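Below is one structure, written out as structure tokens; the observations come after it.
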Amino acid sequence: MAGRVAVIQFPGTNCEMETLRAVKHVGLEGDIVRWNEPEHKLRSYDGFIIPGGFAHQDRVRAGVIAAKDPVMAVLTEEAEKGKPIVGICNGCQVLTESGLIPGLEPGRVEMAMARNRMENRWGFYHRFVYIRRMPETPDCAISVSIGENDIIALPIAHSEGRFATTDEKLLKAIEERQLPCFIYTDRKGNTAVKFPDNPNGAMFNLASLSNRAGNVVGIMPHPERAIFRWNLAPIDTKTPNIHSGYNIFKSLKQYIEKVS
Amino acid sequence: MAGHGLLPDNEYRRLVELIEREPTTVEETIFSIMWSEHCSYKSSKNILKILPTSASNVVIGPGEDAGVVHFTGEGDDSWCIVIAHESHNHPSQVLPIEGSATGIGGIVRDVYCMGAKVVAVMDPLRFGDPDGEKRYRTRYIANGVVKGIADYGNSIGVPNLGGDVYFHQGYDDNCLVNVVAVGVVRRNSITRSAVPHKAKERPYKFILVGKATDDTGFGGAAFASEILNEEETDKGAVQVHDPFLKRVLTVATFKVLEEAHKSGITIGFKDLGAGGIACATSELASKGGFGADIHLERVPVSIEGLKPEVIACAETQERYALVVPDEFVNRVLEIYNVEYELGKVYPGAQATVIGEPRMDGLYRVHYNGEIVCSVPAKTITEGIFYERKRKERKQSAFISGRRIQIEEAFKKVISNLDVCDREPIFSHYDSTVQGNTILPPGFSEAGVIKPIDDKETCLAMAVDGNPRWGLIDTFWAGAGAVYEAVRNVVCAGGIPICITDCLNFGSPEDPVVFNDFHRAVEGIAYACNTIGRLDSPGEPLPVVSGNVSFYNENAEGEPVPPSPIIACLGKIDSIDDIVMSKIRNEDTELIFIYDPENIERIGGSVYQSIIASTGGEIPHFDGEYVRRMINLIIELGRKGHINVCKDISDGGLITALFEMIYDVRVDGGALGIEIDIGCLPHNDETVLFSEAGGFIVGSVGERINKIKNLTEEAGVTFSHIGRAVASDQFIVRRNGTVLVELNINELNELYRQPLREVFEWQAG
């Protein structure tokens, strides 16, 4: 039986439909589950995605109110069982504010998704970016079927997407490549050296970061918007190892099959 | 002054005649809104009759909240496109962020309330001169408007697929913020904004859902029809937006519509816009042939002590009215109030029953046991009509200007604010949310999406309208806007299926302005009739929705540049037929397709403004020739003969060529251009800078001959002018003599910077 994924809908979420479509497209089953639905329903799923949007209007700062929502306590328990939880864009912000990623000390907020730092501009930024796995890092729920040299082209759409921390333990863990992660690159797959290849000034060029176990993952770019080849029409896809967001969801499927 | 002074004396007398007594305050308020230019089209409706609005693909033409055209599929699997196009000019001038945000908020409600999913928005914008006398105000407005569009559009999860922007000092005191929303709906799921006929047989109720009513936007519709002056900014008439609540409302409403559809329940559904509760419920009633009893004391309010006319007519945002049968009422309330917990999402937000339809056609409003309005619903919605005077405009004299070096002119043209890179605006908009985007802004002449999951059919969309043309000749400006929007859609591979118009002018009471308006409508009609529907010969390209915005003037009473703005939608049968405007490969051969009769008309061009020339003729299009050209382009795209296609517009041929290679990287580095215009029998400036419309197509090898043959068969000129090369030079020659030889990187910077500087936002 195919794995079942719950796509969590907070008030203000706005990417739930295409996220569910992507889940189904790779052969997983899934539903959109409202934030206030019964706990037992939520617990019956094999994996969870917190999609993009503006959960609870991003009041105070992105993701912080949703992080305090009772639904997150349930997800935290399910994550402890090893089930995958993927936060995309606003979902990544929610997971960060919940202390689930990087989760070196679970529950502690060790990192911020700070305002974009960009050249000569401010605010919301939409563009296509290229990402790949940081070399020599472990697998996570969205990378198991992605090779080290694969480049993934995806859109970003956010104003607060800069991975930032001053936490010594976290800095060390990333430097020592203990945490699974993706980094921004240029179109050839070389590590980004400047804006706009790194579109928001993220530390270490981070586009995605996981907990140590690899089952809780936050990613700022939007794989659910680039599931089909035609989503990449603006990208020159002549380079042979350029892939779409399809591979991210395929990884999730493979990961769920492995753990459940 | 009669009554409360809400209506001009003549209209007040007319109202007394109609209802055979003095009106109550609530009645006077309702009529002052329904008879505003904004709601009644009292000056324009007779002229708008010229427009062709029917064709076999039109499901619902102008008159409802949005137009509906057939898109793809048949029978139960038939899908329609829903489109609405409006202006939100005055509110945006006063409070740019709120004004432009509520503009999006209002237009998406118009599309949602037809039962459709909104799949795209576009924003045509016109701002003052950012380097002129009022530069600080202009920059504040431009930045605020873009921020408002971004804040709202990004939050509700609708991709922004395009728009255009022009700057002119004529907009210093009155910016134009138009907005287009596009949706898709299954034909059998279209919801009407009317009390259903079934209400004759069984009881129905009016449900109001959304934000608790306050006094915001009270008088907004009347405000939209006033002239702005700097002392009275009327900020209270601008509504306050909430995209967050809108998103939750939309998600919950979809559940209501889906359940109604599944259970075969017919409901009526309408957004609350101008005139709030009173106008929405009276229109729902009138359109269905009913009246209504509305109880204002049942309306949830967020401020105590509101007068009945305020509760009835305030334009509090994020509200809808539904008319549902009694047995469905509790389920609807449960979806909004329990499942989606509206009250927790936004204080005071909820769904509430506020009244019921009446069989006798009378529209009655009750407030604490008193009847505060009692008029036939038809009387309220019937409107009013004015015959306006017209007077021909004096043509401004032709001044030939000074000659400048072609290289110099080229650099000035691509760094002109009406031409340069739009990325500093559109990168603030989310253009890929919903995951259906194929070509976001910047990659094609039109935005392209694949809006229906199990259908291959794609939708191309574009907006256009050139204020420099409007200043010279509104007939050809109107026609030209249609042609350009059509050309943009065609470039991407789309067959035009309909257009919408938003007509932004000064005061209709000024005979010259009114004549300009009339001529623009005639020009639009001419273009729609001559282009016709390529997929159904003999039918006009239909105008399915639109809006008229009058009273756009500056403090001295001068009207804004006449601004007919057109949106065009096109249908692309297969993803494989989509054509980009960026050259991807070096050694792409370039072919120029144009109308040799028209190219000599360079009045209103960017080049003309650069050489300080004025007057002259703007392009006059030969409709038949345009039709042949666009048919040809569609055929070339479908047969796979071309891999790139670009429309010639602002900045002319040379600008179009540059835009095709701007920021493109090939393995060897930059992509350059080498053309020779020796085959074109016009002077150099005309060839390079005329904005008379046409196409550049790119192709390779054997296919060039096929293009040549098809072009000749179509009776259209074929001019093979050169190619894209792996180089960092942009070279133009005439029979071997170099006219332009410039470095691509230098040109890139000239093109990239100007708008960045206008939209350079300060952090915080």
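Protein chains in written order, with our numbering: chain A, 119 to 378; chain B, -15 to 748.
Every residue, glycine too, gets a C-beta built ideally from N, C-alpha and C.
Owing to the predicted nature of the structure, the values given are computational and were not obtained by experimental measurement.
Kindly identify the DSSP beta-bridge partner or partners of T234(B).
Indexing the second sequence from 1 puts residue 234(B) at position 250. According to DSSP, which records beta bridges pairwise, T234(B) is partnered with nothing at all.
Nearest to L655(B) by CA position, among L641(B), R471(B) and K195(B), is which residue?
Residue 655(B) sits at position 671 when you count from the first residue of the second sequence. Nearest option by C-alpha distance: L641(B).
Spell out whether any CB of chain B is found under 8 Å from the CB atom of G221(A).
Here residue 221(A) is taken as the residue at index 103 of the first sequence, counted from 1. Output row for G221(A): interface = no.
Would M88(A) be called buried (16 or more neighbouring beta carbons within 10 Å of its own) or exposed?
Shown here, chain A extends from 119 to 378; a query on residue 88(A) therefore has no answer.
Quick check on DSSP: helix, strand or coil for Q418(B)?
Locating residue 418(B) in the second sequence gives position 434, counting from the first residue. DSSP places Q418(B) in coil when its eight states are reduced to three.
Under three-state DSSP, which class holds H245(B)?
Looking up residue 245(B) in the second sequence gives position 261. Looking at H245(B) - three-state DSSP - the assignment turns out to be helix.
Using the DSSP secondary-structure output, state which residues sit across from L324(A) in a beta bridge.
Residue numbering aside, residue 324(A) sits at position 206 when the first sequence is read from its first letter. In the DSSP output, where bridge partners are listed per residue, L324(A) has I301(A).
Can you tell me whether N729(B) is buried or exposed, with buried defined as 16 or more other CB within 10 angstroms of its CB?
Locating residue 729(B) in the second sequence gives position 745, where the first residue counts as 1. Burial call: exposed.
Taking V308(B) and I594(B) to be in contact with their CB atoms under 8 Å, please state how far apart those CB atoms are, rounded to whole angstroms.
Here residue 308(B) refers to the residue found at position 324 when the second sequence is read from its first residue. Here residue 594(B) refers to the residue found at position 610 when the second sequence is read from its first residue. With 8 Å as the limit, V308(B) and I594(B) do not qualify as a contact, their Cβ atoms being about 60 Å apart.
With 8 Å set as the bound, which would you pick, yes or no: does the beta-carbon of N138(B) sit closer than that to a beta-carbon of chain A?
Translated into the one-based positions of the second sequence, residue 138(B) becomes position 154. Answer yes: the Cβ-Cβ gap between N138(B) and chain A drops below 8 Å somewhere.
Count the CB pairs spanning the region 735 to 743 of chain B and the region 408 to 424 of chain B that are closer than 8 Å, and state whether there are at least three.
The region 735 to 743 of chain B vs the region 408 to 424 of chain B: in contact.
Using a C-beta to C-beta distance shorter than 7 Å, which residues of chain B count as neighbours of Q175(A)?
Residue numbering aside, residue 175(A) sits at position 57 when the first sequence is read from its first letter. Neighbours of Q175(A) on chain B, chain order: F228.
So does the region 241 to 256 of chain A actually touch the region 190 to 199 of chain A, counting three or more Cβ pairs closer than 8 Å?
Counting Cβ pairs under 8 Å, fewer than three are found: no touch.
Out of A298(B), R342(B) and P227(B), which has the shortest C-alpha to C-alpha gap to I278(B)?
On the second sequence, residue 278(B) is found 294 positions in, with the first residue counted as 1. The candidate whose alpha carbon is nearest that of I278(B) is R342(B).
Which word fits V193(B), buried or exposed, when buried means at least 16 other C-beta atoms lie within 10 angstroms of its C-beta?
The sequence position of residue 193(B) within the second sequence is 209, counting from 1. By the 10 Å Cβ count, V193(B) comes out buried.
8 Å is my cut-off, CB to CB: does I559(B) come that close to chain A?
Looking up residue 559(B) in the second sequence gives position 575. Yes, I559(B) counts as interfacial toward chain A.
Would you say V232(B) reaches chain A, if we count a Cβ-Cβ gap shorter than 8 Å as a contact?
Residue 232(B) sits at position 248 when you count from the first residue of the second sequence. For V232(B), the answer is yes, since a Cβ of chain A falls inside 8 Å of its Cβ.
Within a Cβ cutoff of 6 Å, which residues of the same chain sit near K376(A), ignoring the five residues on either side of it in sequence?
By one-based count along the first sequence, residue 376(A) stands at place 258. If we look at K376(A) and ignore the five residues flanking it on each side, it has no Cβ neighbours.
Suppose only complete runs of 3+ residues qualify. What are the beta strand (DSSP E) ranges in the region 526 to 562 of chain B, listed by chain order?
Counting whole runs of 3 or more residues, the region 526 to 562 of chain B contains the beta strand (DSSP E) stretches 527 to 533 and 547 to 556.
Quick one: list the residues of chain A neighbouring E744(B), beta-carbon separation under 9 Å, in chain order.
Reading the second sequence from its first residue, position 760 is the one you call residue 744(B). Within 9 Å Cβ-Cβ: N238, R239 and W240.
Tell me whether K371(A) sits in a helix, a strand or coil according to DSSP, three-state version.
Counting from one through the first sequence, the residue named residue 371(A) turns up at place 253. Three-state DSSP puts K371(A) in a helix.
Go ahead and label N316(A) buried or exposed: buried means 16 or more other beta carbons lie within 10 angstroms of its beta carbon, across all protein chains shown.
The residue given as residue 316(A) occupies position 198 in the first sequence. Label assigned to N316(A): buried.
N238(A) by DSSP, collapsed to three states: which one?
The sequence position of residue 238(A) within the first sequence is 120, counting from 1. Coil, per DSSP.
Give me the Cα-Cα distance between E340(B) and G89(B), rounded to the nearest whole angstrom.
Reading the second sequence from its first residue, position 356 is the one you call residue 340(B). Reading the second sequence from its first residue, position 105 is the one you call residue 89(B). One C-alpha to the other measures close to 27 Å.
Please compile the residues from chain A whose C-beta is within a distance smaller than 8 Å of the C-beta of L423(B).
Residue numbering aside, residue 423(B) sits at position 439 when the second sequence is read from its first letter. What L423(B) touches in chain A: A351 and P352.
In this structure, does DSSP put T217(B) in helix, strand or coil?
Start at 1 with the first residue of the second sequence, and residue 217(B) comes out as number 233. Bear in mind that a pLDDT of 48 at T217(B), under 50, signals an unreliable position, so the number given afterwards is only what the model happens to contain. DSSP places T217(B) in coil when its eight states are reduced to three.
Along the chain, where does the alpha helix (DSSP H) that runs through R503(B) open and close?
Stepping through the second sequence from its first residue, residue 503(B) is reached at position 519. Element bounds for R503(B): P495 to I515.
With 8 Å set as the bound, which would you pick, yes or no: does the beta-carbon of I345(A) sit closer than that to a beta-carbon of chain B?
Locating residue 345(A) in the first sequence gives position 227, where the first residue counts as 1. Answer yes: the Cβ-Cβ gap between I345(A) and chain B drops below 8 Å somewhere.
Below 8 Å on the Cβ atoms is my guess for I549(B) versus P108(B); work out the distance and round it to an integer in Å.
To locate residue 549(B), count along the second sequence from 1; it is residue 565. To locate residue 108(B), count along the second sequence from 1; it is residue 124. Yes, they are in contact, since the Cβ atoms of I549(B) and P108(B) sit about 5 Å apart, within 8 Å.
At which residues does the beta strand (DSSP E) containing V192(A) begin and terminate?
Within the first sequence, numbered from 1, the residue matching residue 192(A) stands at position 74. Per DSSP, V192(A) belongs to no beta strand (DSSP E); it is in the alpha helix (DSSP H), P188 to E198.
Would you mind sorting Y(-4)(B) into buried or exposed? The rule is 16 or more other CB atoms within 10 Å of its CB.
The sequence position of residue -4(B) within the second sequence is 12, counting from 1. When all chains shown are included, Y(-4)(B) counts as buried.
Chain B beta carbons: is any one of them nearer than 8 Å to that of E129(A)?
Position 11 of the first sequence, counted from the start, is the residue given in the question as residue 129(A). Here residue 129(A) turns out to be Pro, not Glu, going by the sequence shown. Chain B contact via Cβ: present.
From the DSSP output, read off the bridge partner residues of M445(B).
Sequence index remark: in the second sequence, residue 445(B) carries index 461 (1-based). Answer by DSSP bridge pairing, in chain order: G431(B) and L553(B).
Give the straight-line distance between the Cα atoms of V528(B) and E281(B), rounded to the nearest whole angstrom.
Here residue 528(B) is taken as the residue at index 544 of the second sequence, counted from 1. Here residue 281(B) is taken as the residue at index 297 of the second sequence, counted from 1. Whole-angstrom Cα-Cα distance: 38 Å.
Could you tell me which residues DSSP pairs with G275(B) in its beta bridges?
For the purposes of this step, residue 275(B) is taken as the residue at position 291 of the second sequence. Paired residue(s): R342(B).
Could you tell me the boundaries of the beta strand (DSSP E) in which P480(B) lies?
For the purposes of this step, residue 480(B) is taken as residue 496 along the second sequence, with counting starting at 1. Here the beta strand (DSSP E) through P480(B) covers I479 to N488.
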